[in-house]
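Q:
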Amino acid sequence: MIGIGESPPRPDGFAKVTGAARYVDDVTFPGMMHGATVRSPHPHARILAIRWFPERAPAGALCLTAADLPGPNGVQLIDDGWPILAADTVRHVGEPVALVAAPTLLAARQALAAVEVDYEPLPTVLDMDDPEPLPPLYEIGMDSGNVEAGLAQAAHVIEGEWRTGHQEHIYIECQGMIAWEEDEGITVLGSMQCPYYVHKALVHAFDLLPERARVRVSAVGGGFGGKEDFPSALAIHAALLAKASGNPVKMIYDRHEDIVATTKRHPAIVRHRAGVDADGRLLALDIEILMDGGAYGTLSSVVLSRALLHSFGPYRCPNVRIRGKVLRTHTAPNSAFRGFGAPQVEFALERQMDKIARAVGLDPLEIRLRNVVEPGDRLPTGQVLDGSTSARLCLEEAASRTRFRERWLELEEARSRQDGHGPMRGIGISLYFHGAGFTGNGERRMKSPVTVRLVEDGRIEILTAMTDMGQGCGAVFTQIAAAAAGVGPEDLVFAEPDTAAVPDSGPTVASRTTMIVGNLIARAVSELRDRVLASHGDENRFRHFRDIAREYRRTEGPLEITLHHEPPETQAFDESTYQGAAYPTYAWGSDVVEVEVDPDTLAVRPLHVTAVCEVGRAIHPTLCAGQIEGGTLQAIGWALMEEVKLDKGRYLNDRLATYIIPTILDTPRMDIHLLERPWEGGPFGAKGVGELPMDGGAPAVAQAIENATGVMVTGIPATPERLLRWTAEGQRV
Amino acid sequence: MNVPFTVNGESVEVDGHAMERLLDVLRTQLGLTGTKEGCGEGECGACTVLLDGEPVLSCLVPLLQCTGRRIETVESLSEGPARTFLERFVATGGVQCGACTPGIVVTAWALLQRSPAPTEAETREALAGNLCRCTGYEGILRAIKS
C-alpha cells in the first residue's frame, strides 16, 4: 500500500519517458483533414472584403468565415465577447479572420494563400501608456479602513510605480485539437485544462443540446493557464471545419502561431502610495492596479479580482484602498497564466516593501518581520486568518537557512566598496501567499461534483473532469483515494476526462485540484467503502475489500455516489464590497535568491534559490516539490529574460529563438523546503500548490539585483538593456 | 526518392522528398510518434533523436541526410539497458507534462553512454539545448545524478 507522503512513480510516467503517451498530434483518423487559420496582419482594421479562390487552392480545400457560423459569434467563457472569427473588424494582430481545411497539412498551409482579405486600417491603442486609452474592459475596487487618515498619521509616505511585462506560457506542446461529427453532434479531442469549458463553448457556438457535444482530453503537454480558455476557441474552429467538410479535422499550432495568437500573462502597472510609522509598520496602502487585457475580455475580470485580493500581500495594514482596471488595447487578449494576476501585484508590493525598508532604514527581512500577518490577524477583506497562517514561519526559515541578514548586509557593504571590476553579488528575499481554490463565491456557484462507483470486479472507479497537464493529479488522486478507502492502487480505476462519461468537477485551474477535488474524492470513496462494509457482517473484517466489493456488486447491484463541493458557511464573500473570506485558506512562501551581475554587460545570473513553502501536507513530496521547482524557474525567467516585444502591435519575437526561456544553463541550484502543516480543510491536510511558486521569485531577484548593483529595479524583465538605462538615468536605491 | 536507413535496429526504406524533415518521416510515415515537435526550428530539443549514436534535432535533419545511417528514437529506449534509467527518471520527478521528455531522455542517455557518471556541469552542458517548462530541471538533474 502507498501512503500519503510517499512518492511512488506517477502512473503516466513510464508512458511519457518512452514516447508511448498519446498527445493530440499523435492521433490520426482515416480521412482526417488539417485546418489552418487566416490571421489579421493589422492591430485594428475594418474588414472590407474576404475572397476565397478555390481554383488557386489545393484540391479538396475549403474556406469558412464569420458569415458561415451556425450560431452566435462568440467563444462562451464568462461572457461571449471574444469573437470566434472576426466579422467586420479585427482588433489585434493574429486575430482569426477565416479558416481553411485541406487533405494534408501542407495543402492546408497552401490554401491560406487562396484567401485574400482587404482591410482598412483604423487608429490603434497599443499599450497602457497611450494617452488616449480605450474604455476599460473591467473596473473594480475595494476599501478597508480610511486610507487618507492612515496616510495623514504616517511618519513616511512612500510612492512607487512597478511594472511587469507579458509572459508567454511556452508549454512545450503547442495548442492542438481534433474535431469530428459523431452521433448527430460534435466530438473534440485535444490538449486542454478544462473539458467542460470547451463543452460549454461548443454548445453555445453550435446551438447544440448539451448531450450532442462531447469533449475528450488527450495527454496534455503543459498548460500553466494557457490551456484554460484558448482551447475553447480552437475547438470551435476545428469543429466548424469538421462540420463543413464532413471529415475529422486536426488543427495543431506551430510555435510561431502559438506565440502570436494565444493568450499571455497580463502586463501590469501597479502604483503604490504607502504610509508607515517611524518603525516601518504599515498604516495605509493606496494601490492602483492597471492590467493590459488586450483586445477582448477572456477571463480578465477574474484575473483582476484575484489581483485585488493579493495586492496587499501577507502583511497587516489597517487602511487599504485598491482600484483596479483592465485596460483594452489592440493586442492579442491576455488571460490565465499560473498565478492569475497575483504575481504582478505581489511583485509590486514586495518591491514597495523594499523601498519602504530603505526609506525607514531597515533591512528587507526586518521590514517584513514587522508587518507579516499572524494567525488571528484580519486581512483588508475582513477575513480573520486561522492557524494555517504560516507567513512568519516561512520567512524565518528561509532567512535562517540562508543566513539572509548577514549575507545581505555583507553584500551591501561590498557594493559600497565596488570598483567596477569583477562580478557583483546580491541576495534578495521575498514573502508571498496564494489563495487556494476559486476566488470568492466561485466554488459555491460551481458546487463541483465527483462520482465514484463500484466496478463489477470490485474496483472503485473515480470519475472527475480533472486533467493532468503535467502536475501529476493522477498520482495524487491515487494516493488520496487509496488512503481514504484503505485499498491499494490496483483496486482503483480512474475514468478518462470525457464529458460523455465524467461529471463537471470544474476546471483544472486555481490550485484547486488536490485541495477541492481531492477532498471530494476522499469523502466519496470513504462513503462508498462504508456502505459496502456496512452491508456485510463483522465476519468480513479480515477479507480484502475488493473481494467484499465484488460480492456486494453481484448481490446488491450498482453502487454509485456523487458528492458536491459545498464550501463551509464560514467562507462567505460579498462580491460587491470585497469583504469576507475570499479563499478558504492560503499557501505561504518565502524565497531567497542570490545573483551575480556582470559589471560590464549587466547580465544577471541567478546562482542559488531557496524556496520555503507551506502548502499544508505534501501528498506526494516529489511532485509537490516539482511544482515549486518549475514555478520558481518560471518566475525567474519572467524576472530576467522573458519579454514579448511588440512593435506597432506586431510581434518581434514570435519564436523560441527570440522569446527566451531559461535553459538548464540559466537555472540556479534550488533548495526547496516544504514546511508541512496539515490543514484540516484539505484532503489529509493538503492545500493548493500549483500557483504559489510563481509569486515569489521575481521580487526576490529584483531585490538581489539592487543589493548587488544599487540600481533600483522598477520593472521586469530586468534585462541588461533596462538595467543599463536605469543606470544611465541614475535610478538608484 | 527512396532513402534506406535503419530505425531502432530495423532497416527501412522511405519514399519521400529529399528535404522532408526526419521528424515528419518518423512521426507520419513510420508511426513513431514518441518524438515530439516543440518549435520546428531547432531551439527546444523535443525532437532529439540519435543519428549514428549522436543526438540531433530531427526537425533540422532532411531525409536525404539519413541515407545509410542509424537512427534511434525514444521508442528504442523502452527495453534494454536504458529501462532502469527511464524508471529512475520518473521516480526523481524528471517528467511532468512529458512533451520535452522524449528529447531529454534521448539526450541524457547519449550522455550517459559516453560518460557514465557525468559531473553536474557536464550534464548541464549536454542538456543545454533541451527546454523544459515544467520541472525547473531539478528532477532531471536528480535522475542523471543518481
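Quick note, the sequences are listed as chains A and B, same order.
Letter by letter, the first sequence follows residues 1 to 733 in the working numbering.
Letter by letter, the second sequence follows residues 1001 to 1146 in the working numbering.
Even for Gly, the Cβ is constructed at its ideal location relative to N, Cα and C.
In the DSSP output, which residue or residues are listed as bridge partners for residue 1083(B)?
A: Translated into the one-based positions of the second sequence, residue 1083(B) becomes position 83. DSSP, once it has assigned bridges, lists no residue as partnering residue 1083(B).
Q: Scan the stretch 662 to 680 of chain A for residues whose Cβ lies nearer than 7 Å to a Cβ of chain B and list them as they occur along the chain.
A: 663, 664, 665, 667, 670
Q: Can you tell me which of 466(A), 103(A), 481(A) puts its alpha carbon nearest to the alpha carbon of residue 30(A)?
A: Counting from 1 along the first sequence, the entry for residue 30(A) is found at position 30. Ranking the options by Cα distance to residue 30(A), first place goes to 103(A).
Q: Measuring CA to CA, which of 370(A), 661(A), 508(A) is closest to residue 689(A)?
A: Taking the first residue of the first sequence as position 1, residue 689(A) is located at position 689. Of 370(A), 661(A), 508(A), the residue nearest in Cα terms is 508(A).
Q: Find the nearest neighbour of residue 559(A) within the set 275(A), 530(A), 543(A), 583(A), judged by alpha-carbon distance.
A: As a first step, residue 559(A) must be located in the first sequence, where it is residue number 559. Closest by C-alpha distance to residue 559(A), out of 275(A), 530(A), 543(A), 583(A), is 530(A).
Q: If we count the other Cβ atoms within 10 Å of its Cβ and call it buried at 16 or more, is residue 692(A) buried or exposed?
A: Position 692 of the first sequence, counting from 1, holds the residue named residue 692(A). That one is buried.
Q: Of all the options 172(A), 140(A), 478(A), 603(A), which has the alpha carbon lying nearest to the alpha carbon of residue 640(A)?
A: Counting from 1 along the first sequence, the entry for residue 640(A) is found at position 640. Among 172(A), 140(A), 478(A), 603(A), the Cα nearest to that of residue 640(A) is on 603(A).
Q: Work out the CA separation of residue 320(A) and residue 43(A) for me, nearest whole Å.
A: Residue 43(A) sits at position 43 when you count from the first residue of the first sequence. Residue 320(A) sits at position 320 when you count from the first residue of the first sequence. Spanning the two alpha carbons is a distance of roughly 38 Å.
Q: Assuming residue 523(A) and residue 438(A) are in contact, meaning their beta carbons sit under 8 Å apart, how far apart are those beta carbons, in whole angstroms?
A: Your numbering for residue 523(A) matches position 523 in the first sequence. Your numbering for residue 438(A) matches position 438 in the first sequence. Actually they do not touch by this definition, with Cβ atoms about 19 Å apart.
Q: Would you mind giving the Cβ-Cβ distance between residue 444(A) and residue 567(A), rounded to the nearest angstrom? I have them listed as a contact below 8 Å.
A: In the first sequence, residue 444(A) corresponds to position 444, counting from 1. In the first sequence, residue 567(A) corresponds to position 567, counting from 1. Sure, about 5 Å apart at Cβ, within 8 Å.
Q: What is the DSSP secondary structure of residue 673(A), reduced to helix, strand or coil?
A: Numbered from 1 along the first sequence, position 673 holds the residue referred to as residue 673(A). DSSP places residue 673(A) in strand when its eight states are reduced to three.
Q: So which of 237(A), 722(A), 363(A) has the shortest CA-CA distance to residue 71(A)?
A: One-based indexing of the first sequence puts residue 71(A) at position 71. Ranking 237(A), 722(A), 363(A) by Cα distance to residue 71(A) puts 237(A) first.
Q: Buried or exposed: where does residue 1130(B) fall if 16 or more other Cβ atoms within 10 Å of its Cβ makes it buried?
A: Taking the second sequence and counting its residues from 1, the one referred to as residue 1130(B) is at position 130. Under this definition residue 1130(B) is a buried residue.
Q: Using a beta-carbon distance below 8 Å, is residue 432(A) in contact with chain B?
A: Taking the first residue of the first sequence as 1, we reach residue 432(A) at position 432. Chain B, which has no Cβ nearer than 8 Å to the Cβ of residue 432(A), makes this no.
Q: From the DSSP output, read off the bridge partner residues of residue 1002(B).
A: As a working mapping, residue 1002(B) is identified with position 2 in the second sequence. Beta-bridge pairing links residue 1002(B) to 1015(B).
Q: At 9 Å on the CB atoms, spell out the chain A contacts of residue 1102(B), in chain order.
A: In the second sequence, residue 1102(B) corresponds to position 102, counting from 1. The answer, in chain order, is 16, 17, 18, 19.
Q: Would residue 432(A) and residue 346(A) qualify as a contact pair, given that the criterion is a beta-carbon distance under 8 Å?
A: Counting from 1 along the first sequence, the entry for residue 432(A) is found at position 432. Counting from 1 along the first sequence, the entry for residue 346(A) is found at position 346. Yes. Within cutoff.
Q: Is residue 63(A) helix, strand or coil when you go by DSSP?
A: Taking the first sequence and counting its residues from 1, the one referred to as residue 63(A) is at position 63. Assigned with DSSP and collapsed to three states, residue 63(A) falls in strand.
Q: So the candidates are 60(A), 323(A), 128(A), 497(A); which of them puts its Cα closest to the Cα of residue 214(A)?
A: Here residue 214(A) refers to the residue found at position 214 when the first sequence is read from its first residue. The residue with the shortest Cα to Cα distance from residue 214(A) is 497(A).
Q: Under 9 Å, CB to CB, which of the residues in the stretch 1060 to 1076 of chain B have a partner in chain A?
A: 1073, 1074, 1075
Q: Which first and last residues belong to the alpha helix (DSSP H) in which residue 319(A) is found?
A: Translated into the one-based positions of the first sequence, residue 319(A) becomes position 319. No alpha helix (DSSP H) holds residue 319(A); the beta strand (DSSP E) holding it covers 319 to 327.
Q: Can you tell me which residues form a DSSP beta bridge with residue 275(A)?
A: The count along the first sequence starts at 1 and reaches residue 275(A) at position 275. The partner list for residue 275(A) (beta bridge, DSSP) reads 157(A), 284(A).
Q: Decide yes or no for the touch test of the stretch 163 to 172 of chain A against the stretch 301 to 310 of chain A: beta carbon pairs closer than 8 Å, at least 3 of them.
A: no
Q: What residues from chain A crowd round residue 1089(B), counting only those whose CB sits closer than 9 Å?
A: Walking along the second sequence from the start, residue 1089(B) turns up at place 89. Simply 13, 17.
Q: When DSSP labels each residue in this structure, what does residue 731(A) get in the three-state scheme?
A: Here the question's residue 731(A) lines up with position 731 in the first sequence. It is coil, neither helix nor strand.
Q: Alpha carbon to alpha carbon, how far is residue 460(A) from residue 493(A)? Give it in angstroms, no decimals.
A: Against the first sequence, residue 493(A) aligns to sequence position 493. Against the first sequence, residue 460(A) aligns to sequence position 460. Roughly 6 Å between the two C-alpha positions.
Q: Answer with yes or no whether the minimum CB distance from residue 654(A) to chain B is below 8 Å.
A: Counted from its first residue, the first sequence places residue 654(A) at position 654. Taking Cβ atoms only, chain B never reaches closer than 8 Å to residue 654(A), which makes this a no.
Q: What would DSSP say about residue 647(A), mapped onto helix, strand or coil?
A: On the first sequence, residue 647(A) is found 647 positions in, with the first residue counted as 1. Strand.
Q: Since residue 1131(B) meets chain A, which of its residues come closer than 8 Å, beta carbon to beta carbon?
A: The residue you call residue 1131(B) lines up with position 131 of the second sequence. By Cβ distance, chain A contributes 170, 172, 656, 661, 663.
Q: Could you tell me the boundaries of the beta strand (DSSP E) in which residue 451(A) lies?
A: If you number the first sequence from 1, residue 451(A) lands on position 451. Note, residue 451(A): beta strand (DSSP E), 449 to 454.
Q: From which residue to which residue does the beta strand (DSSP E) around residue 49(A) run?
A: Numbered from its first residue, the first sequence carries residue 49(A) at position 49. Per DSSP, residue 49(A) belongs to the beta strand (DSSP E) from 45 to 52.
Q: Under 8 Å between the Cβ atoms of residue 518(A) and residue 480(A)?
A: If you number the first sequence from 1, residue 518(A) lands on position 518. If you number the first sequence from 1, residue 480(A) lands on position 480. Result yes, Cβ atoms of residue 518(A) and residue 480(A) sit closer than 8 Å.
Q: What did DSSP end up calling residue 29(A) once you bin it into helix, strand or coil?
A: Here residue 29(A) corresponds to residue number 29 of the first sequence, with the count starting at 1. DSSP places residue 29(A) in coil when its eight states are reduced to three.
Q: Could you check the C-alpha separation between residue 676(A) and residue 1136(B) for me, to the nearest Å?
A: Translated into the one-based positions of the first sequence, residue 676(A) becomes position 676. Translated into the one-based positions of the second sequence, residue 1136(B) becomes position 136. Between residue 676(A) and residue 1136(B), the C-alpha separation is close to 22 Å.
Q: Is it buried or exposed for residue 738(A), if we count other Cβ within 10 angstroms and need 16 for buried?
A: Past the boundaries of the shown model lies residue 738(A); chain A is included only from 1 to 733, so the question cannot be answered.
Q: Kindly list, in the order they appear in chain A, the residues whose Cβ is closer than 9 Å to that of residue 1124(B).
A: Counting from one through the second sequence, the residue named residue 1124(B) turns up at place 124. What residue 1124(B) touches in chain A: 663, 664, 665, 667.
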